[in-house]
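**Q** Chains A and B, in that order, give the protein sequences.
Quick note on numbering that gives the first Met the number 0: the first sequence kicks off at 0 and runs consecutively.
Quick note on numbering that gives the first Met the number 0: the second sequence kicks off at 0 and runs consecutively.
Glycine residues also receive a C-beta, built at the ideal position from the N, C-alpha and C atoms.
Below are the structure tokens for one structure; questions will follow.
Protein chains: 2
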Amino acid sequence: MSDRVTEAPERLYLYDTTLRDGQQTQGVQFSTSEKAQIAKALDELGVDYIEGGWPGANPTDSAFFNAAPATRARLTAFGMTKRSGRSAENDDVLAAVMNAGTQTVCLVGKAHDYHVTHALGIPLEENVENIRASMAHIVAQGREALFDAEHFFDGYKDNPAYAVEVCRAALDAGARWVVLCDTNGGALPSEVGRIVGEVIAAGLPGDRLGIHTHNDTENAVACSLAAVDAGARQIQGTLNGLGERCGNANLTALIPTLLLKEPYASRFETGISREALAGLTRVSRMLDDILNRVPTKQAAYVGASAFAHKAGLHASAILKDPSTYEHVDPASVGNTRIIPMSNQAGQSNLRKRLTEAGLVVEPGDPALGRILERIKAREAEGYSYDTAQASFELLAREELGQLPQFFEVKRYKVTVERRKNKYNKMVSLSEAVVVVKVDGEKKLSVSESLDESGNDRGPVNALAKALAKDLGRYSEVLDDMHLVDFKVRITQGGTEAVTRVIIDSEDGQGRRWSTVGVSANIVDASFEALLEAIQWKLVRDCGTKETAA
Amino acid sequence: MSDRVTEAPERLYLYDTTLRDGQQTQGVQFSTSEKAQIAKALDELGVDYIEGGWPGANPTDSAFFNAAPATRARLTAFGMTKRSGRSAENDDVLAAVMNAGTQTVCLVGKAHDYHVTHALGIPLEENVENIRASMAHIVAQGREALFDAEHFFDGYKDNPAYAVEVCRAALDAGARWVVLCDTNGGALPSEVGRIVGEVIAAGLPGDRLGIHTHNDTENAVACSLAAVDAGARQIQGTLNGLGERCGNANLTALIPTLLLKEPYASRFETGISREALAGLTRVSRMLDDILNRVPTKQAAYVGASAFAHKAGLHASAILKDPSTYEHVDPASVGNTRIIPMSNQAGQSNLRKRLTEAGLVVEPGDPALGRILERIKAREAEGYSYDTAQASFELLAREELGQLPQFFEVKRYKVTVERRKNKYNKMVSLSEAVVVVKVDGEKKLSVSESLDESGNDRGPVNALAKALAKDLGRYSEVLDDMHLVDFKVRITQGGTEAVTRVIIDSEDGQGRRWSTVGVSANIVDASFEALLEAIQWKLVRDCGTKETAA
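Here's what the structure looks like:
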């Protein structure tokens with residue numbers, strides 16, 4: 000083993016299927032633009048293959064490939080091997096996959112004899128021929144071919160010779176990779192390691208074998224590592240372990256292990272740089288944002304709790320030497336250590352975040368303790384300042400006496416109405432009235448929710464327009480500001496369910512900022528977040544010496 | 000391997016630390032009565048040991064042991080080995096642990112030389128002597144002794160002889176078990192397997208070795224299995240994988256693997272019966288209920304998605320033979336199969352789901368194609384029917400001509416207002432007017448958003464109340480129905496961002512159903528979901544022969 004380290008590292012390939020198998024997660028349905036956004040993040044991360052979907056299977060996947068983003072990674076179209084009774088050239092399902100025009104094509108086919116005879120109902124040899132012809136067809140078109148050997152491990156356990164024959168046929172026909180799939184997630188790590196070792200001993204080349212596992216026994220990561228230990232050189236998985244049933248092998252957990260931990264770190268190289276690895280936590284959270292999911296706190300490496308030290312013994316040892324209770328440096332994956340707020344580390348973290356907001360506070364300033372207390376109290380009410388940095392800044396400014404009252408909201412009223420229009424069609428319309436006091440003057444503004452095309456955009460839209468409509472001398476400053484995203488989550492505030500709204504705003508100077516509002520009333524929560532978005536913009540453009548209201 | 004099966008199975012012991020290490024989870028703080036409730040559930044499940052906490056370390060743990068429930072399982076008090084400079088008899092921290100009066104006592108001590116010299120600052124031999132004396136003290140009091148060897152794997156990698164010496168001292172002093180702990184969660188399964196094998200070869204008896212792992216690389220379950228493969232015979236873990244940082248080894252995933260899957264099922268016996276295993280999903284959900292957490296859908300074996308088949312190819316095969324895509328029977332762990340709708344679903348999937356809704360449609364019925372088309376079109380607009388089974392049923396009924404129009408909504412209007420009250424405090428209030436036609440009669444209803452305590456619950460609350468307030472002869476049927484959850488997300492509908500609302504409702508007969516609404520206007524999306532919730536309830540309680548409106 001020790002002489003391994005001095006050898007040149009072997010290349011290990013990472014194949015991401017978040018956009019295909021990840022979409023099989025219950026409740027997950029990506030839009031075309033979300034697929035493009037995730038593909039871009041995967042490409043920046045440095046995976047080798049991005050499986051984009053199944054062209055022809057649904058409109059979203061087809062639309063994604065029609066306007067596929069340019070990536071350094073090999074964009075891969077997924078499909079199934081040609082059906083019996085027609086040639087590869089004349090199979091319309093396969094043609095739709097080929098027509099996506101990707102550099103790489105991955106087709107799934109059966110490796111378990113029982114499925115061939117019982118699900119497909121064709122002779123075993125015909126299945127082998129379908130696979131061979133499909134792979135040859137891809138290669139003949141000048142593309143890179145992959146074969147996903149479905150149910151490989153169950154198939155191998157029942158009929159090892161046939162499972163191996165199927166794989167060999169795909170390789171002989173020119174497939175770059177044969178991917179051994181544990182489709183129902185039932186194989187255990189020791190089995191996977193043993194079987195991969197056996198098929199390599201039987202002549203399948205390890206550097207053309209991939210592994211595709213599922214988490215049905217919570218062993219998908221371990222099964223992937225066992226396959227690599229046995230000689231496989233490609234891993235298929237998804238970000239945050241998305242995927243059918245219990246999910247696929249979690250690349251967000253596998254990537255740091257492969258890059259940071261032995262024997263993998265010395266033995267292999269991947270397409271992922273240390274710099275990209277340091278962005279992994281951000282990529283993981285971005286995906287949760289897109290899916291409007293609460294990030295899993297206990298996720299390996301990237302979870303908010305992954306480096307949180309609650310036990311008193313651990314926390315004090317960590318201060319002396321982090322390696323005592325941390326197996327890797329949290330910064331290496333872009334994560335941060337959390338030590339209970341009450342101690343010194345809590346305050347230095349706070350000062351760091353204040354500095355990022357341009358607020359310099361000396362160590363030991365009693366305002367630090369007050370800010371921490373207010374954040375704790377607000378979080379108990381359902382607020383979250385993880386992403387709402389602008390709201391965090393406003394809270395701190397208020398505590399530090401550095402937040403002017405530009406204007407005062409006296410009251411507002413929003414109406415949502417749905418009724419038949421003159422063409423007897425049900426239509427809805429919202430209208431908002433906002434009353435503010437600016438420079439001692441009371442101003443009433445009213446706006447409705449229709450966009451340029453006459454479509455109703457709802458009460459929050461009407462409210463946003465009415466609020467910004469007339470703020471006296473501040474109105475001009477707000478002209479280049481607009482709302483870019485709006486996220487709603489039901490959460491716990493004390494003992495009641497409350498609504499948390501996070502609003503992302505943008506201005507003509509390229510700034511982008513997030514604010515948060517919480518209330519049992521969703522319109523009111525939105526109003527609070529809108530109000531803070533405007534306040535933050537006014538602090539930036541009008542300074543903090545103002546006291547207009 | 001094959002002759003193994005005919006041998007008598009070996010006993011494998013399960014040690015639960017949900018109440019001690021599980022309490023180190025960020026955000027988790029059990030009350031004394033919750034601890035008792037969990038202990039009872041663990042005892043019914045059949046684990047061998049229940050670690051209840053650290054007597055003396057905090058008031059909750061002390062109170063739990065003072066009124067400890069009677070259990071068949073061995074209730075275990077946790078603590079640390081005696082400190083230097085005093086005898087075991089005179090260490091007050093250890094005395095508090097012993098005074099809990101449990102049959103079994105588990106003490107943690109250091110197995111890594113670096114921690115002995117740097118954290119404790121004592122000679123290596125003195126640490127060994129502290130461990131020996133502590134174990135001997137427990138045994139002398141007629142109790143069963145366990146030693147948790149902290150940082151064992153890191154210690155073994157740095158100084159194998161010392162790590163083994165520490166363990167041998169504990170065993171020689173009478174400890175029933177030495178538990179090899181991977182305290183910082185950094186060891187990988189192959190390392191754990193190799194090291195456990197080496198220490199057994201060095202003379203430590205496998206049937207007196209336990210394994211304690213953490214999930215920092217998402218390998219805690221696999222590391223536990225690797226230790227058992229190598230000869231260890233006790234596993235420590237927690238329910239739902241609670242625990243410090245990324246959590247401990249998840250017993251909820253390990254137990255079904257050990258009982259249902261080979262080689263474990265034939266090779267070992269545990270204290271857990273098949274009947275208790277069939278209650279595992281319920282135990283897992285109960286713990287989430289206590290912690291007020293949303294259960295993890297993708298959890299192995301017990302998650303709501305664990306047997307959900309979304310891919311069309313999978314779903315149709317499952318209908319022929321469940322074993323094709325299920326590695327175990329969902330009923331064996333008390334879970335259920337779900338075949339959700341999605342844009343990848345086939346007709347057989349659809350028929351299965353229609354049958355679940357009580358709608359029998361013959362294969363080949365052209366309505367199947369129409370229903371699928373409508374679902375696809377609605378999903379493109381932003382709807383999702385994965386969880387909204389009631390909305391799915393209504394859509395299908397409409398297409399099949401089996402949905403009566405109980406009433407007709409003519410119009411509605413909702414007002415949200417925020418202003419100062421007479422005490423000069425900002426308050427908000429929503430009011431909803433709904434106009435419906437029932438049995439040819441027009442009915443106007445108005446409701447406001449205040450709950451019994453006078454708190455504003457927002458516009459959707461007002462709308463829900465107004466809608467249900469007067470529906471003529473149907474009102475009575477709706478009396479026992481109420482809204483239990485409300486989920487909002489912003490999603491893509493065509494090219495525009497729209498709001499998707501999912502509402503969960505419940506009635507007095509224990510039914511629970513989910514409906515979905517989509518609109519750019521959040522109030523309108525909520526209204527649609529509310530309306531469908533009422534329609535579904537009326538279908539159930541009034542039948543489908545009605546045509547009232």
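Among B:262, B:213, B:371 and B:250, which one has its Cα closest to the Cα of residue 229 of chain B?
**A** On the second sequence, residue 229 of chain B is found 230 positions in, with the first residue counted as 1. When only C-alpha atoms are compared, the closest one is B:262.
**Q** Is there a Cβ from chain A that is less than 7 Å from the Cβ of residue 206 of chain B?
**A** Against the second sequence, residue 206 of chain B aligns to sequence position 207. It does not; no Cβ of chain A falls within 7 Å.
**Q** What did DSSP end up calling residue 63 of chain B once you bin it into helix, strand or coil?
**A** Reading the second sequence from its first residue, position 64 is the one you call residue 63 of chain B. Three-state DSSP puts residue 63 of chain B in a helix.
**Q** So which residues on chain A does residue 582 of chain B lean against when the C-beta distance must stay under 8 Å?
**A** This structure cannot settle anything about residue 582 of chain B, because the visible part of chain B is limited to 0 through 548.
**Q** Using the rule of at least 16 other Cβ atoms within 10 Å of the residue's Cβ for burial, across every protein chain shown, is residue 161 of chain B buried or exposed?
**A** Here residue 161 of chain B refers to the residue found at position 162 of the second sequence. When all chains shown are included, residue 161 of chain B counts as buried.
**Q** Output needed in chain order: residues of the stretch 56 to 85 of chain A with a Cβ under 7 Å from some Cβ in chain B.
**A** Here the close residues are 56, 57 and 58.
**Q** Sort A:209, A:330 and A:74 by Cα distance to residue 196 of chain A and report the nearest one.
**A** Position 197 of the first sequence, counting from 1, holds the residue named residue 196 of chain A. Closest by alpha carbon: A:209.
**Q** Output the distance between the C-alpha atoms of residue 530 of chain A and residue 456 of chain B, rounded to the nearest integer angstrom.
**A** Stepping through the first sequence from its first residue, residue 530 of chain A is reached at position 531. Stepping through the second sequence from its first residue, residue 456 of chain B is reached at position 457. For residue 530 of chain A and residue 456 of chain B, the distance between alpha carbons rounds to 21 Å.
**Q** Of all the CB atoms in chain A, is at least one closer than 7 Å to the CB of residue 333 of chain B?
**A** Position 334 of the second sequence holds residue 333 of chain B. Not an interface residue.
**Q** Report the three-state DSSP secondary structure of residue 243 of chain B (helix, strand or coil).
**A** Position 244 of the second sequence holds residue 243 of chain B. Coil at residue 243 of chain B, not helix or strand.
**Q** Taking the C-alpha atoms as reference points, what is the distance between residue 170 of chain B and residue 145 of chain B?
**A** On the second sequence, position 171 is the one that residue 170 of chain B refers to. On the second sequence, position 146 is the one that residue 145 of chain B refers to. Answer to the nearest angstrom: the Cα atoms are 9 Å apart.
**Q** For chain A, is any of its Cβ atoms less than 7 Å away from the one on residue 118 of chain B?
**A** Here residue 118 of chain B is taken as the residue at index 119 of the second sequence, counted from 1. Yes, contact with chain A.
**Q** Rounded to the nearest angstrom, what separates residue 508 of chain A and residue 479 of chain A at their Cα positions?
**A** Your numbering for residue 508 of chain A matches position 509 in the first sequence. Your numbering for residue 479 of chain A matches position 480 in the first sequence. Those two C-alpha atoms are separated by around 8 Å.
**Q** Are the C-beta of residue 342 of chain B and some C-beta of chain A separated by less than 7 Å?
**A** Within the second sequence, numbered from 1, the residue matching residue 342 of chain B stands at position 343. Per-residue confidence for residue 342 of chain B stands at a pLDDT of 44, beneath the threshold of 50, marking its modelled position as unreliable; no derived number is given.
**Q** Quick one: Cα of residue 11 of chain A to Cα of residue 167 of chain A, how far?
**A** Mapped onto the first sequence, residue 11 of chain A falls at position 12. Mapped onto the first sequence, residue 167 of chain A falls at position 168. When rounded, the distance between both Cα atoms is 21 Å.
**Q** Considering only the alpha carbon of each residue, which of B:202, B:52, B:445 and B:419 lies closest to residue 412 of chain B?
**A** Working through the second sequence from its first residue, we reach residue 412 of chain B at position 413. Taking only the C-alpha atoms, the option nearest residue 412 of chain B is B:445.
**Q** Which chain B residues are close to residue 422 of chain A, counting only those with a beta carbon under 7 Å from its beta carbon?
**A** Here residue 422 of chain A refers to the residue found at position 423 of the first sequence. Residues of chain B passing the Cβ test: none, with the nearest at roughly 15 Å.
**Q** I'd like to know whether the C-beta of residue 28 of chain A is nearer than 7 Å to at least one C-beta of chain B.
**A** Working through the first sequence from its first residue, we reach residue 28 of chain A at position 29. Yes, residue 28 of chain A counts as interfacial toward chain B.
**Q** Is the stretch 522 to 538 of chain A close to the stretch 493 to 507 of chain A, with three or more CB pairs under 8 Å?
**A** Contact check between the stretch 522 to 538 of chain A and the stretch 493 to 507 of chain A: three or more CB pairs, one atom from each, fall below 8 Å, which counts as touching.
**Q** Answer with buried or exposed for residue 139 of chain B, where buried requires no fewer than 16 other C-beta atoms within 10 angstroms of its C-beta.
**A** By 1-based counting over the second sequence, the position of residue 139 of chain B is 140. With fewer than 16 Cβ atoms within 10 Å of its Cβ, residue 139 of chain B is classed as exposed.
**Q** I want to verify the contact list: residues of chain A whose CB lies under 8 Å from the CB of residue 520 of chain B, in sequence order.
**A** On the second sequence, position 521 is the one that residue 520 of chain B refers to. Chain A residues near residue 520 of chain B: 415, 427, 429, 448, 455, 456, 457 and 458.
**Q** At 9 Å on the CB atoms, spell out the chain A contacts of residue 410 of chain B, in chain order.
**A** The sequence position of residue 410 of chain B within the second sequence is 411, counting from 1. Going along chain A in sequence order, the residues near residue 410 of chain B (Cβ under 9 Å) are 416, 417, 418, 419 and 425.
**Q** Within a Cβ cutoff of 7 Å, which residues of the same chain sit near residue 410 of chain A, ignoring the five residues on either side of it in sequence?
**A** Taking the first sequence and counting its residues from 1, the one referred to as residue 410 of chain A is at position 411. Cβ within range, chain order: 434.
**Q** Quick check on the burial criterion: 16 or more other C-beta atoms within 10 angstroms. Buried or exposed for residue 481 of chain A?
**A** Walking along the first sequence from the start, residue 481 of chain A turns up at place 482. That one is exposed.
**Q** Just mark residue 544 of chain B as buried or exposed, buried being the case when its beta carbon has 16 or more other beta carbons within 10 Å.
**A** Along the second sequence, one-based indexing puts residue 544 of chain B at 545. So residue 544 of chain B counts as exposed.
**Q** Residues in its own chain within less than 8 Å of residue 346 of chain B by CB, not counting five upstream and five downstream?
**A** Your numbering for residue 346 of chain B matches position 347 in the second sequence. Within the same chain, residue 346 of chain B has close Cβ partners 362, 367, 368 and 371.
**Q** Residue range of the beta strand (DSSP E) that residue 14 of chain A falls in?
**A** As a working note, residue 14 of chain A is residue 15 in the first sequence. Residue 14 of chain A -> beta strand (DSSP E) spans 12 to 15.
**Q** Quick one: does residue 246 of chain B have its CB under 7 Å from some CB of chain A?
**A** Indexing the second sequence from 1 puts residue 246 of chain B at position 247. Chain A, which has a Cβ nearer than 7 Å to the Cβ of residue 246 of chain B, makes this yes.
**Q** Could you say which of A:238, A:8 and A:316 lies nearest to residue 285 of chain A if we only look at CA atoms?
**A** In the first sequence, counting from the first residue as 1, residue 285 of chain A sits at position 286. Nearest of A:238, A:8 and A:316 to residue 285 of chain A, Cα basis: A:238.
**Q** Grab the span of the alpha helix (DSSP H) containing residue 531 of chain B for me, first residue to last.
**A** Taking the second sequence and counting its residues from 1, the one referred to as residue 531 of chain B is at position 532. Start and end: 521 to 541.
**Q** Would residue 460 of chain B and residue 448 of chain B qualify as a contact pair, given that the criterion is a beta-carbon distance under 7 Å?
**A** Position 461 of the second sequence, counting from 1, holds the residue named residue 460 of chain B. Position 449 of the second sequence, counting from 1, holds the residue named residue 448 of chain B. For residue 460 of chain B and residue 448 of chain B, yes; Cβs fall inside 7 Å.
**Q** Spell out whether any CB of chain B is found under 7 Å from the CB atom of residue 146 of chain A.
**A** Against the first sequence, residue 146 of chain A aligns to sequence position 147. Not one chain B Cβ lies under 7 Å of residue 146 of chain A.
**Q** Does any residue of chain B bring its CB to less than 7 Å from the CB of residue 384 of chain A?
**A** The residue you call residue 384 of chain A lines up with position 385 of the first sequence. Chain B contact via Cβ: absent.
**Q** Could you compute how far the alpha carbon of residue 251 of chain A sits from the alpha carbon of residue 354 of chain A?
**A** Looking up residue 251 of chain A in the first sequence gives position 252. Looking up residue 354 of chain A in the first sequence gives position 355. Approximately 30 Å, taken between the alpha carbons.
**Q** Below 8 Å CB to CB, which residues in the same chain sit around residue 216 of chain B once its five sequence neighbours on both sides are set aside?
**A** Your numbering for residue 216 of chain B matches position 217 in the second sequence. Same-chain partners within the cutoff: 184, 185 and 187.
**Q** Which residues in the same chain as residue 2 of chain B place their Cβ atom closer than 7 Å to its Cβ, once the five residues preceding and following it in sequence are excluded?
**A** For the purposes of this step, residue 2 of chain B is taken as the residue at position 3 of the second sequence. Confidence at residue 2 of chain B is low in this model, with a pLDDT of 46, below 50, so the placement of that residue is unreliable and no value is reported for it.
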